[in-house]
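For the sequence shown, the working numbering begins at 179 and goes up steadily by one. Encoded as structure tokens, the structure appears first; notes follow it.
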Amino acid sequence: MTEQLILYLRNPSSTKTPSIILDIRHETSTFSQRLNTSICIPISELRNRMSELPDKHALIYLIYDESTSEVIEFLHSRGWINMVQINASEANFWEKVTMEVPGTVVSGEKSVAECARIGYLPLQFLLDWINRIELELLSDFIAKYTDDGNLIKGESLDGELSETEIPVEFRVCDVGCGSGRDLNWICSRDLRGESTTQNVNSRRFTCKWMGYGLDSWKGSLARTTNLSQRLGIPPKRLKVYQTEFCEKSKRVKSLGSVDVFSVEKMSGQFDLIVLVRIHLPSFFNVLRDLIKVGGFVLWYTFVEFGKETGRMWDGTIRPTGAEHIVQNLGAAAEIDGDTIDTDLIGEGFPIKTVLGEEFGESYGFNVLEEFVERLVDGRPVVRFIARKM
């Protein structure tokens with residue numbers, strides 16, 4: 179098993195399957211010795227941090243020792259069966275790794291980048307677009323607020339600035355943030371050195387995200403906050419609000435007693451709004467208003483598409499509510515007058531939905547992508563992204 183790990187450390191891109199190194203040993207052990215690309219989740223915290231694990235089809239190189247071996251059976255019972263098990267307490271394990279792949283074994287306190295490392299992948303649709311989103315936002319900022327790389331008088335940025343490093347803050351709102359995986363991934367990008375940067379003369383401008391997470395369940399917000407703390411995201415850079423978009427009353431309700439999300443105060447404040455597996459047809463006008471000119475809306479949710487709508491392989495239909503399923507415009511499974519065989523839907527198939535109308539030219543948006551694809555269980559979902567012009 180050690181040999182498989184060494185091959186992976188030498189060339190992580192050699193495997194087509196998403197892979198991570200998960201170290202579940204106690205914190206004192208990882209402080210002593212660990213791999214510099216590992217995700218460290220002590221066994222005592224694992225049950226409360228299951229949402230930080232990768233998808234169940236991912237390959238996990240599991241670092242354990244004699245005191246944590248029982249977790250292997252636990253992970254198997256939860257569906258993570260694609261694992262390479264590596265016993266770090268075996269004789270000469272660390273010496274062998276150090277000799278075969280120099281520089282991969284570290285000790286002591288974790289660096290900022292290590293703390294911000296994430297074991298899961300965010301939504302693939304978000305991965306596909308985040309670099310372009312950041313590049314266009316940063317380019318617009320540089321064009322509007324700088325003169326040959328120098329900040330125009332009157333423009334202020336948060337944080338201490340050096341003469342050459344200039345962080346530029348953008349705001350993202352995750353509506354229905356759940357456990358906060360996507361939101362935390364976005365807000366920790368600069369901590370991992372993944373954010374888009376642009377050099378203008380001797381200055382480097384870097385994207386830095388401030389996140390706002392909205393969810394009606396208090397437990398989801400607690401998970402979001404706990405994850406942000408573990409990733410080292412400063413509290414002022416990620417805020418959560420217990421908020422309900424109530425379809426029945428057509429009102430945005432703040433359920434929290436302390437922090438209240440004000441739609442009026444946040445009007446035109448967001449550079450990116452993310453909505454995953456949620457529809458909210460009664461609040462299109464609210465969402466349009468929250469996005470600033472030049473900002474983006476990225477939507478990924480279930481869509482009507484003929485008799486296949488919401489149908490899973492076991493024959494059940496989930497979800498069923500309008501708050502999750504986007505309407506397909508025109509006749510079912512028909513695009514530009516041509517009837518489409520829904521069984522032939524593949525990746526990136528064009529579709530016209532209500533989102534394209536509500537966030538289209540009529541409302542000052544430019545639709546960049548409106549495609550349908552299938553989840554692994556067969557249900558059709560729409561990939562939709564538009565920019566407010």
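Cβ atoms here follow ideal geometry from the backbone N, Cα and C, with glycine treated the same way. Keep in mind it's a predicted model, so treat the numbers as computed, not measured.
Let me know the secondary structure DSSP gives Cys355 once reduced to three states. coil
Is the beta carbon of Thr421 sitting closer than 8 Å to the one on Leu392? yes
In three-state DSSP terms, what is Leu361? helix
Apply the 10 Å Cβ neighbour rule to Pro280 and answer buried if 16 or more other Cβ atoms are within range, or exposed otherwise. exposed
Taking DSSP's pairing of strands, which residues face Pro345 in a bridge? Thr384
State buried or exposed for Ile198, treating a residue as buried only when at least 16 other CB atoms are found within 10 Å of its CB. buried
Just the Cα atoms here: how many angstroms apart are Ala236 and Met261? 8 Å
Where Leu409 sits in the DSSP three-state scheme: coil
Contact under 8 Å by Cβ, Ile364 with Val350: yes
Quick check: what's the CA-CA separation for Glu251 versus Tyr390? 37 Å
Considering Trp307, what are the terminal residues of the alpha helix (DSSP H) in which it resides? Gln302 to Tyr323
Taking only runs that begin and end inside the region 250-281, name each unbroken beta strand (DSSP E) of 3 or more residues, in chain order. 261-265
So, helix, strand or coil for Asn226, using DSSP? helix
Give the secondary structure of Gln182 by DSSP, where H, G and I count as helix, E and B as strand, and everything else as coil. helix
Rounded to the nearest angstrom, how far is the Cβ of Gly473 from that of Lys566, given a contact under 8 Å? 5 Å
C-alpha distance - Arg552 paired with Leu533, whole-angstrom precision: 18 Å
If you count every other CB in all the chains shown that lies within 10 Å of the CB of Val438, and 16 or more means buried, which is it? exposed
Can Thr246 and Ile221 be called in contact, C-beta distance under 8 Å? yes
Just how far apart, CA to CA, sit Val560 and Leu299? 19 Å
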